[in-house]
Amino acid sequence: MKSTRQAFGEALITLGETFPHIVVLDADLSKSTRTELFSKKFPERFYQMGIAEANMLGTAAGLAFAGHIPFACSFGCFVTGRYDTIRMSIAYAGAPVCIVGTHAGLAVGEDGHSQMGLEDVGLMRMLPGMAVMQPLHAAETLAVMQHFITTPQPMYLRLTRQDLPEMPLNDSWDPYTLRLIAGNPDASIAVIATGAPTFELLDADTYSLWHATSLKPFDRVSMSKIASKAQHIITAEDHSTLGGLGSIVAEVLAELPKHGILHRCGVQDTFGESGTREELYQKHGISKEKLRALISSL
Amino acid sequence: MEHVALIERARRIRRHILTMLTQAGSGHPGGSLSAVEILTVLFFNHMHGWSQDPYPSRDRFVLSKGHAAPALYAVFAELGILDPEELLSFRRLNSRLQGHPDRRRFPLVEASTGSLGQGLSIALGLALGLDAIPVTCLLGDGEMQEGQVWEACAAASRYQLHQLTMIIDANGLQIDGRVEDVMPLEPLDQKLRAFGWQVFEINGHDMDALKVALSVPTHEPKAIIARTIKGKGVSFMEGVASWHGKAPNPAELKAALEELSA
Ligand SMILES: Cc1ncc(C[n+]2csc(CCOP(=O)(O)OP(=O)(O)O)c2C)c(N)n1
Ligand SMILES: [Mg+2]
Numbered sequence: 003m004k005s006t007r008q009a010f011g012e013a014l015i016t017l018g019e020t021f022p023h024i025v026v027l028d029a030d031l032s033k034s035t036r037t038e039l040f041s042k043k044f045p046e047r048f049y050q051m052g053i054a055e056a057n058m059l060g061t062a063a064g065l066a067f068a069g070h071i072p073f074a075c076s077f078g079c080f081v082t083g084r085y086d087t088i089r090m091s092i093a094y095a096g097a098p099v100c101i102v103g104t105h106a107g108l109a110v111g112e113d114g115h116s117q118m119g120l121e122d123v124g125l126m127r128m129l130p131g132m133a134v135m136q137p138l139h140a141a142e143t144l145a146v147m148q149h150f151i152t153t154p155q156p157m158y159l160r161l162t163r164q165d166l167p168e169m170p171l172n173d174s175w176d177p178y179t180l181r182l183i184a185g186n187p188d189a190s191i192a193v194i195a196t197g198a199p200t201f202e203l204l205d206a207d208t209y210s211l212w213h214a215t216s217l218k219p220f221d222r223v224s225m226s227k228i229a230s231k232a233q234h235i236i237t238a239e240d241h242s243t244l245g246g247l248g249s250i251v252a253e254v255l256a257e258l259p260k261h262g263i264l265h266r267c268g269v270q271d272t273f274g275e276s277g278t279r280e281e282l283y284q285k286h287g288i289s290k291e292k293l294r295a296l297i298s299s300l
Numbered sequence: 000m001e002h003v004a005l006i007e008r009a010r011r012i013r014r015h016i017l018t019m020l021t022q023a024g025s026g027h028p029g030g031s032l033s034a035v036e037i038l039t040v041l042f043f044n045h046m047h048g049w050s051q052d053p054y055p056s057r058d059r060f061v062l063s064k065g066h067a068a069p070a071l072y073a074v075f076a077e078l079g080i081l082d083p084e085e086l087l088s089f090r091r092l093n094s095r096l097q098g099h100p101d102r103r104r105f106p107l108v109e110a111s112t113g114s115l116g117q118g119l120s121i122a123l124g125l126a127l128g129l130d131a132i133p134v135t136c137l138l139g140d141g142e143m144q145e146g147q148v149w150e151a152c153a154a155a156s157r158y159q160l161h162q163l164t165m166i167i168d169a170n171g172l173q174i175d176g177r178v179e180d181v182m183p184l185e186p187l188d189q190k191l192r193a194f195g196w197q198v199f200e201i202n203g204h205d206m207d208a209l210k211v212a213l214s215v216p217t218h219e220p221k222a223i224i225a226r227t228i229k230g231k232g233v234s235f236m237e238g239v240a241s242w243h244g245k246a247p248n249p250a251e252l253k254a255a256l257e258e259l260s261a
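These protein sequences, in sequence, are chains A and B. Just so you know, we're using our numbering here: the first sequence kicks off at 3 and counts up by one. Just so you know, we're using our numbering here: the second sequence kicks off at 0 and counts up by one.
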């Protein structure tokens, strides 16, 4: 078991070895984002920016223009909260900065509303040219980071606080393709998941389970193929369905000549709150039990 | 309230804070404990209209460093606004005592905070909109790194908001270490003066000094730099950065409460 933020922190020190242009910026959360590991190994390439996220993001853009490969890190809610700075200094400028938002979604738990990134995917994918990636597990986290380094572009990387099961990466992996995780690909119920809720759905007996790592660009081709067979399509995400995977899939389906019924599971146009992760997943309909109940009802 | 009674309040507030954190299993002891004397003097000696049933015309308070919510809830319990039993619902599902203050569920907390850097602007708006009602805002010293704080500082001076007070809980620490290492802001007093504020620098655990600084009338907005010790009152937490955001376990709670027994 490993959180994707921990995998990220470990990957940074491995990649930092190979790529001397990697620089890391953090805003007084280096223990939480796990950039502390990089800061100890490469102190001269680590910038502690204090509790000042907007300045951190602008500085990252400048470092990118100067030829470095910056990772600018904080909680997802705080980094994406500096929207206009991201919009102008990074996205519009095309600055190849990897904006890293940890503590995705309700899984933050007891800290509650102010610390949960629940709108971050929606905000980031609105920006032209901004890639939005949510790796499923540790191995994918490293692979997505390698992808960023070899094809530099503005990117938002969304990571978990909580530990997740680890899985191997198969040889044909690429970040962009919707990937079958479990079940029969031709099942009449297709579940498209992103991030941690995927693990609530692994017992795919009556449905197919797909993972979207890249939320932007989104794999419309595979989605259309899945939609041509499935009578019911379910999306599952630890994020608001407004702007998140629920919206993304709805947008693809709406442009197809015909498609099945869409059920969007995730946070329903509301704010976060305190509670354990388990309680919050249950309350907001993304626990194993709640998702099962929905699938059984179809 | 006389001095001895205030000391007793502060002690009780510290006990509430620690108990609720252990019960919740998570939360922020360091920055809650450093602010206890500040909040005690504010709510039991200085601000008007705060009682079991606060007046609509009460002085306003904004906890910009929202992670110190346990300290505010403990004060509310001591005021009789909530039953001390309710403190045990802190951070639980559906509780109004959310991990960070939540005005939607509990309007008396005044502002929903927890994303640092926003409270002083809200206090500024309250002061502009409520005319003569005094407004006080508590910020962390790390929090002073947020640019928005300085935007609010400029505006408060532009509008000569003498009824606005900001107290900086200057405990010298933030999450990643000492404020002076992470992103130094000193000399804070000079910077604030240059922004048009009247500045007082005091020991933030000295309740007499707090009373005096709070009551001196000024023509400009007032900033009180309260030099404090993070984790104050619990020997093993004092000045230790790692006690920023973790709850004491039951054994640690026991040891802490022993130090804080009457
Ligand atoms: C915008 C924002 N960035 C980061 C955080 C995470 N965070 C919570 S508390 C804290 C440190 C606060 O330090 P300080 O203001 O000195 O508070 P204190 O020492 O009184 O606890 C940080 C970085 C946050 N809550 N909000
Ligand atoms: Mg501090």
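Every residue, glycine too, gets a C-beta built ideally from N, C-alpha and C.
Roughly how far, in whole angstroms, is the beta-carbon of residue i from the beta-carbon of residue j, given that I think they are within contact range, below 8 Å?
i	j	result
I71 (chain A)	H23 (chain A)	5 Å
K285 (chain A)	G277 (chain A)	7 Å
L120 (chain A)	G107 (chain A)	6 Å
A256 (chain A)	I191 (chain A)	Not really, about 20 Å apart at Cβ, beyond 8 Å.
I250 (chain A)	F220 (chain A)	5 Å
R226 (chain B)	E200 (chain B)	7 Å
F67 (chain A)	L14 (chain A)	Rounded, the Cβ-Cβ distance is 21 Å, inconsistent with contact.
I236 (chain A)	H265 (chain A)	5 Å
H161 (chain B)	A73 (chain B)	Not a contact, Cβ separation roughly 30 Å.
M165 (chain B)	A222 (chain B)	5 Å
A62 (chain A)	L27 (chain A)	5 Å
A198 (chain A)	A109 (chain A)	6 Å
Let me confirm a value: residue i is counted as buried when at least 16 other C-beta atoms fall within 10 Å, else exposed. Which label applies?
i	result
M147 (chain A)	buried
Y158 (chain B)	exposed
G51 (chain B)	It should be pointed out that residue 51 (chain B) corresponds to Gln in this sequence rather than to Gly. Flag for Q51 (chain B) reads exposed.
F122 (chain A)	Note that residue 122 (chain A) corresponds to Asp in the displayed sequence, not to Phe. That one is buried.
N170 (chain B)	buried
N57 (chain A)	buried
T153 (chain A)	exposed
V293 (chain A)	Residue 293 (chain A) is actually Leu in this sequence, not Val. Result: buried.
M169 (chain A)	exposed
R103 (chain B)	exposed
E112 (chain A)	buried
A193 (chain B)	exposed
M3 (chain A)	exposed
T16 (chain A)	exposed
A29 (chain A)	buried
T87 (chain A)	buried
S224 (chain A)	buried
Q144 (chain B)	buried
V211 (chain B)	exposed
S299 (chain A)	exposed
K260 (chain A)	exposed
Q189 (chain B)	exposed
F75 (chain B)	buried
F40 (chain A)	buried
S91 (chain A)	buried
L213 (chain B)	buried
G69 (chain A)	exposed
T34 (chain A)	Per the sequence shown, the amino acid found at residue 34 (chain A) is Ser instead of Thr. S34 (chain A) comes out buried.
A153 (chain B)	exposed
V215 (chain B)	exposed
D140 (chain B)	buried
P69 (chain B)	buried
Just to confirm, does residue i get its C-beta within under 7 Å of one of the non-hydrogen atoms of ligand 4?
i	result
K231 (chain B)	You won't find ligand 4 in this model; what it holds is ligand 1 and ligand 2.
- [ ] Could you tell me which uninterrupted alpha helix (DSSP H) segments, each at least 4 residues in length, are contained entirely in the stretch 102-135 of chain A, listed from first to last along the chain?
- [x] 122-127
Task: Whole runs of the alpha helix (DSSP H) within the stretch 200-259 of chain B, excluding any shorter than 4 residues - done: Scanning the stretch 200-259 of chain B from its first residue to its last, the whole alpha helix (DSSP H) runs of 4-plus residues come out as 206-214 and 249-258.
- [ ] Please determine if the stretch 26-34 of chain B and the stretch 244-253 of chain B are in contact, where contact requires at least 3 C-beta pairs separated by less than 8 Å.
- [x] yes
- [ ] Counting only runs of 3+ residues fully inside the stretch 102-147 of chain B, write out the beta strand (DSSP E) ranges in chain order.
- [x] 134-139
Open item on the list: For the structure I just gave you, are there three or more beta carbon pairs, one from the stretch 206-216 of chain A and one from the stretch 75-90 of chain A, closer than 8 Å?
Closed with: Between the stretch 206-216 of chain A and the stretch 75-90 of chain A there are fewer than three inter-stretch CB-CB distances shorter than 8 Å, so the stretches are not counted as touching.
- [ ] Mind listing, in chain order, the continuous alpha helix (DSSP H) runs of no fewer than 4 residues lying wholly within the stretch 163-238 of chain A?
- [x] 222-231
TODO: Evaluate contact between the stretch 92-103 of chain A and the stretch 52-64 of chain B, counting only Cβ atoms and requiring at least three cross-stretch pairs below 8 Å.
DONE: Result no; under three Cβ-Cβ pairs closer than 8 Å.
Task: Meets three-Cβ-pair contact criterion under 8 Å: the stretch 31-41 of chain B and the stretch 102-116 of chain B - done: no
Task: Three-pair Cβ contact test at 8 Å for the stretch 172-180 of chain B versus the stretch 80-98 of chain B - done: no
Task: Three or more C-beta pairs below 8 Å linking the stretch 57-68 of chain B and the stretch 239-246 of chain A - done: no
Task: Whole alpha helix (DSSP H) elements within the stretch 251-298 of chain A, 4-residue minimum - done: 279-285
TODO: At 4 residues or longer, and completely inside the stretch 176-200 of chain B: list those alpha helix (DSSP H) runs for me, N to C.
DONE: 178-181 and 187-193
Open item on the list: Would the stretch 117-125 of chain B count as touching the stretch 67-87 of chain B if we require 3 or more Cβ pairs under 8 Å?
Closed with: no
Open item on the list: At 3 residues or longer, what runs of the beta strand (DSSP E) sit wholly inside the stretch 9-53 of chain B?
Closed with: none
Open item on the list: Check whether the stretch 154-166 of chain A and the stretch 130-139 of chain A are in contact - that is, three or more C-beta pairs closer than 8 Å.
Closed with: yes
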